[in-house]
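So the sequences go chain by chain: A and B.
For the first sequence, this note's numbering gives the first residue as 1349, with consecutive numbering after it.
For the second sequence, this note's numbering gives the first residue as 20, with consecutive numbering after it.
Contents: one structure, followed by commentary.
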Amino acid sequence: MSFLELRLVSKSYGLGAAQVHAIKDVNLFVERGSLVAVMGPSGSGKSTLLTIAGSLEEPSSGEVCIDGVSLQAMSRNDKARLRRRSIGYVFQEFNLLAGLTALENVALPLELDGQPAKVAQRAALAALEGLGLADRARHFPDELSGGERQRVAIARAVVGERHLLLADEPSGALDSTNGEAVMRMILTACKRGVAAVVVTHDAQLASWADRVVFLRDGRVVDQTVPPPSLEALLEESSGPGPRR
Amino acid sequence: MSVRHAILALLSEGPKYGLQLQKEFEASTGEVWPLNIGQVYTTLGRLERDGLVASDEPENDGPQKGFHITEAGSVELSSWLNTPPDMTAPPRDELVIKVLSALRVPGVSVHDVIQVHRRYLVELMQQWTRLKEDEADFDLTFALVVDAELFRLDSVVRWLDTADGRLKRAAAEPPSPAAPPRLARRLVVRR
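Okay, structure coming up:
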């Protein structure tokens, strides 16, 4: 069973002739431990897909299940609890709270979920350490570089026992080296069993994923087949190409 | 890929044998471009003929025959390193021709054609990116070659994305019949 399942999910805005279909009949399945990238141009429905998957927005039709439980059957409070406990979000603009230190930003979702401040801060420090940011824990967002801010945002998204990581253009305006570092962190979370969805228009970011789903005009039009193993690559290494 | 100049670069470090040059060439390109030993000796023969390298023992034709770079070779190497490759004219790119051709074939969706190629390129990029996952097994020359390949493929995907968007906009807004004729341009295309 997939950890995240979207079945025939559609979302439209407006009515009648003015109705706009943001996404239409989308199926998406993401296993635990796997990273799926959703690629498409601006306006293709990528961000809508992510907000619906993360229960931040209701679909017009179709069903979303997280860990086998349909979101339709959940109360608002249950959904809020699910978001606090199980889902981590990473946005292009980082969305860190300016008045809180890096540590306080990362600890916030745990404290909102009722964990004692000390326990939350211990977990937050561990998450920051895991991303090489322990020495920046007491700094405020405006004292951090763009790359550091995004690492803090990722620490906040994976802190505690999160099982689903949803990232919208997570490398934002970062340079390619920092973008690569962001994807390595997301992959590390996947290796711990987290299911992750990254939406992006950037093929280099998408190429870190186990599977790339292509979205066009709100519909899934195609997806990559799983890349061959390194052994298979070695066997076909007669010409130029990766052969390690 | 100039094997000739890559060999001059390796010889600029000091005298070397043919077999050594083959091994060092492959290592210096992250083992991505294989080079057979016959090609090494053919290239050395031409470089020697042109006075850019000289053999240490002209009478010895065996595999232990060593070569060194000459002063003319050093001048040629420096000139090559600092001369930008010819990128003034667009190459005759097969993918560009396929997309342009798809526009003219009745019953063919150019968007579908673009997607076939986009998926193939992203799958290729996934293969290259997988090689980067294990940082411990990732040496510097190999990293540079993998990055170069990823950026090359990425630029093609970006062109496909742009073409896709441009064609979509053009279909939504057909040019008005009163529009002035397009300025004819001639581009010299590299073969």
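Ideal Cβ placement from N, Cα and C applies to all residues, glycine included.
Determine whether the beta carbon atoms of residue i and residue j lie at a separation below 7 Å.
| i | j | result |
| --- | --- | --- |
| Val1438/A | Ala1501/A | yes |
| Ala1517/A | Gln1440/A | The sequence given here places Glu at residue 1517/A; Ala does not occur at that position. Yes, they are a contact pair. |
| Glu1411/A | Arg1355/A | yes |
| Pro1407/A | Ile1414/A | no |
| Arg1559/A | Val1384/A | yes |
| Ser1392/A | Arg1564/A | yes |
| Leu71/B | Glu90/B | no |
| Glu113/B | Thr1572/A | no |
| Gly1480/A | Leu1522/A | no |
| Val1507/A | Ala1471/A | yes |
| Arg1380/A | Ala1543/A | yes |
| Gln39/B | Val59/B | no |
| Val1606/A | Val1374/A | Look at the range of chain A in this structure, 1349 to 1592, and you will see that residue 1606/A is not part of it. |
| Met1531/A | Leu1553/A | yes |
| Thr61/B | Val22/B | no |
| Glu1405/A | Phe1377/A | no |
| Ala1450/A | Glu1459/A | no |
| Asp173/B | Ala1551/A | yes |
| Arg1431/A | Asp1461/A | no |
| Arg137/B | Leu186/B | no |
| Arg1499/A | Phe1442/A | no |
| Leu1398/A | Leu1535/A | no |
| Ser31/B | Ile116/B | no |
| Val1561/A | Val1357/A | no |
| Leu29/B | Glu43/B | yes |
| Leu150/B | Val175/B | no |
Check whether the Cβ of residue i lies closer than 7 Å to any Cβ atom in chain A.
| i | result |
| --- | --- |
| Val129/B | no |
| Gly57/B | no |
| Glu142/B | yes |
| Val176/B | yes |
| Arg138/B | yes |
| Leu169/B | yes |
| Ser31/B | no |
| Asp173/B | yes |
| Gln83/B | no |
| Thr181/B | no |
| Thr160/B | no |
| Gly126/B | no |
Among the options, which one has its Cα closest to the Cα of residue i?
| i | options | result |
| --- | --- | --- |
| Lys1359/A | Ile1371/A, Glu1353/A, Leu1352/A | Ile1371/A |
| Thr48/B | Val127/B, Ser93/B, Asp166/B | Asp166/B |
| Lys84/B | Gly64/B, Asp69/B, Ser98/B, Ser97/B | Gly64/B |
| Ala1455/A | Arg1433/A, Gln1469/A, Glu1509/A | Gln1469/A |
| Trp99/B | Arg111/B, Asp173/B, Gly37/B, Leu27/B | Leu27/B |
| Leu1512/A | Ser1403/A, Gly1388/A, Lys1394/A | Ser1403/A |
| His24/B | Trp52/B, Glu50/B, Ser93/B, Ala46/B | Ser93/B |
| Lys35/B | Leu159/B, Ala73/B, Lys187/B, Pro110/B | Ala73/B |
| Gly1478/A | His1549/A, Leu1398/A, Ala1537/A | Ala1537/A |
| Leu1444/A | Lys1394/A, Arg1433/A, Phe1488/A | Phe1488/A |
| Val1546/A | Gly1364/A, Asp1483/A, Gly1520/A, Ala1446/A | Gly1520/A |
| Arg1429/A | Thr1396/A, Asn1453/A, Phe1562/A, Gln1463/A | Gln1463/A |
| Arg68/B | Asn55/B, Ala191/B, Pro53/B, Phe86/B | Phe86/B |
| Lys1539/A | Ala191/B, Leu163/B, Glu168/B, Glu152/B | Glu152/B |
| Gly1436/A | Gly1541/A, Pro1457/A, Val1467/A | Pro1457/A |
| His130/B | Gly184/B, Phe170/B, Thr107/B | Gly184/B |
Closer than 7 Å, CB to CB, is residue i near chain B or not?
| i | result |
| --- | --- |
| Thr1536/A | no |
| Ala1551/A | yes |
| Thr1572/A | yes |
| Ser1555/A | yes |
| Val1560/A | yes |
| Pro1588/A | Bear in mind that a pLDDT of 46 at Pro1588/A, under 50, signals an unreliable position, so the number given afterwards is only what the model happens to contain. Yes, because at least one Cβ of chain B sits closer than 7 Å to the Cβ of Pro1588/A. |
Could you confirm whether any beta carbon from chain E is found closer than 7 Å to the beta carbon of residue i?
| i | result |
| --- | --- |
| Gly1494/A | Protein chains A and B are contained in the structure displayed, whereas chain E is not. |
Can you list, in chain order, the residues of the segment 89–115 of chain B whose Cβ is nearer than 8 Å to any Cβ on chain A? Interface annotation for the segment 89–115 of chain B against chain A: empty, criterion Cβ-Cβ distance under 8 Å.
Closer than 8 Å is the cut-off here; do at least three beta carbon pairs connect the segment 120–129 of chain B with the segment 141–156 of chain B? Taking a contact to require three or more Cβ pairs closer than 8 Å, the segment 120–129 of chain B and the segment 141–156 of chain B do not qualify as touching.
Of all the residues that make up the segment 38–72 of chain B, which are near chain A by a beta-carbon distance shorter than 8 Å? The segment 38–72 of chain B vs chain A, Cβ under 8 Å: Glu50, Val51, Trp52, Pro53.
Determine which residues of the segment 1388–1406 of chain A have a Cβ less than 7 Å from any Cβ of chain B, and write them out in chain order. Within the segment 1388–1406 of chain A, the qualifying residues are Pro1389.
Using a Cβ-Cβ cut-off of less than 9 Å, give me the residues of the segment 1439–1465 of chain A that come near chain B, in sequence order. Cβ contacts with chain B come from no residue of the segment 1439–1465 of chain A.
Contact list for the segment 1369–1388 of chain A against chain B, Cβ threshold 8 Å: Within the segment 1369–1388 of chain A, the qualifying residues are Met1387.
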